[in-house]
Amino acid sequence: MPLINNVDPVELAKFSDVAHRWWDPESEFRPLHQINPLRLQWIDEQVALCGRRVLDVGCGGGILADSMARKGADVLGIDLGAKALKVAQLHAIEANTAGVQYREISAEALALEQMASFDVVTCMEMLEHVPDPVLIVKACAALVKPGGHVFFSTLNRNAKSFLFAIVGAEYLLGILPRGTHEYARLIKPSELASYCRMSNLGLQATKGLEHNPLTRRYWLSSDTSVNYMFATKKT
8 MPLINNVDPV ELAKFSDVAH RWWDPESEFR PLHQINPLRL QWIDEQVALC
58 GRRVLDVGCG GGILADSMAR KGADVLGIDL GAKALKVAQL HAIEANTAGV
108 QYREISAEAL ALEQMASFDV VTCMEMLEHV PDPVLIVKAC AALVKPGGHV
158 FFSTLNRNAK SFLFAIVGAE YLLGILPRGT HEYARLIKPS ELASYCRMSN
208 LGLQATKGLE HNPLTRRYWL SSDTSVNYMF ATKKT
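Residues in the sequence shown are numbered consecutively from 8, following my numbering.
Spelled out as structure tokens, the structure:
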């Protein structure tokens with residue numbers, strides 16, 4: 008796999024600027040804190056995380072990585088945001104989280120070092136922030152063992168998603184900072200499924216994530232029209 012700089016400096020800076028607030032549940036990262044138990048439970052139901060070697064690609068401040076380690080997994084979180092990784096490392100020390108490590112490296116570069124080394128790979132809320140999501144999917148597929156599982160989460164690209172996830176969440180309700188998502192970079196499930204097939208990842212299950220802005224409640228459903236997750240298995 009060629010070593011390509013598949014990162015958008017603007018996107019990286021956007022998250023670096025607020026990295027110190029990553030573990031504040033009332034900050035702009037509040038949605039991540041709220042949805043994390045839902046996606047953690049779904050992932051654990053699919054693969055039983057305890058005892059698994061897990062890679063979290065684009066781990067940011069470590070919300071998912073930390074919680075998977077607490078489920079008994081041996082977790083490596085990787086990201087290219089140095090500030091976010093420092094926050095993740097500090098939190099692991101303060102929370103005394105065993106079984107989690109962090110490293111500043113791209114998925115493509117790690118694939119050259121540790122091909123087919125992980126039982127489970129997660130890549131959540133990241134694909135829509137990189138120049139070429141296909142390369143990330145390919146790297147995740149290269150990193151997981153044959154028969155292993157790769158999980159993705161991202162945002163659908165359609166009118167409803169634009170209204171709910173961008174206009175509503177960013178501009179009307181202020182749930183997310185303005186400019187968090189760029190509509191043209193959102194990914195339809197059919198497109199992600201195609202990327203997975205190209206990388207020998209068979210789609211096993213899908214799940215939607217819904218939100219009521221009035222009650223601020225999130226829940227999993229079969230509706231993938233806005234936020235959705237894929238569970239795939241390497242063939």
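C-beta: ideal position from N, C-alpha, C; glycine also.
Endpoints, the beta strand (DSSP E) within which residue i is located
i, result
"residue 64", "60-64"
"residue 212", "208-219"
"residue 225", "224-228"
"residue 237", "234-241"
Own chain partners of residue i with C-beta closer than 6 angstroms, once the 5 adjacent residues on each side are dropped
i, result
"residue 109", "84, 92, 95, 96"
"residue 50", "158"
"residue 222", "none"
Whole-angstrom distance between residue j and residue i, CA atom to CA atom
i, j, result
"residue 156", "residue 126", "7 angstroms"
"residue 163", "residue 101", "36 angstroms"
"residue 13", "residue 82", "23 angstroms"
"residue 33", "residue 160", "22 angstroms"
"residue 73", "residue 195", "29 angstroms"
"residue 56", "residue 48", "10 angstroms"
"residue 38", "residue 176", "10 angstroms"
"residue 242", "residue 114", "20 angstroms"
"residue 53", "residue 213", "11 angstroms"
"residue 69", "residue 77", "12 angstroms"
"residue 20", "residue 35", "15 angstroms"
"residue 79", "residue 60", "10 angstroms"
"residue 171", "residue 201", "25 angstroms"
"residue 152", "residue 124", "6 angstroms"
Beta-carbon proximity list for residue i, same chain, < 7 angstroms, skipping 5 on both sides
i, result
"residue 42", "216, 225"
"residue 5", "Only positions 8 to 242 of the chain appear in the structure, and residue 5 is not among them; the question remains open."
Per-residue burial, residue i [other beta carbons within 10 Å of its own, 16 or more giving buried]
i, result
"residue 237", "buried"
"residue 181", "exposed"
"residue 46", "buried"
"residue 10", "Here residue 10 scores only 44 on pLDDT, less than 50, and its place in the model should not be relied on; the value that follows carries that caveat. It is exposed - the Cβ of residue 10 has fewer than 16 other Cβ atoms within 10 Å."
"residue 167", "exposed"
"residue 17", "exposed"
"residue 185", "exposed"
"residue 31", "exposed"
"residue 137", "buried"
Start-to-end residues for the alpha helix (DSSP H) that takes in residue i
i, result
"residue 96", "89-101"
"residue 19", "16-23"
"residue 204", "196-205"
"residue 131", "Element bounds for residue 131: not the alpha helix (DSSP H) but the beta strand (DSSP E), 125-131."
"residue 40", "37-54"
Neighbourhood of residue i by C-beta, 8 angstroms cutoff - its chain only, sequence neighbours within 5 removed
i, result
"residue 121", "150"
"residue 25", "34, 35, 36, 184"
*Segment contact flag, the segment 60-79 with the segment 127-141, C-beta cutoff 8 angstroms, min 3 pairs*: yes
*When the Cβ atoms of the segment 143-153 are set against those of the segment 194-207, are three or more pairs found closer than 8 angstroms?*
yes
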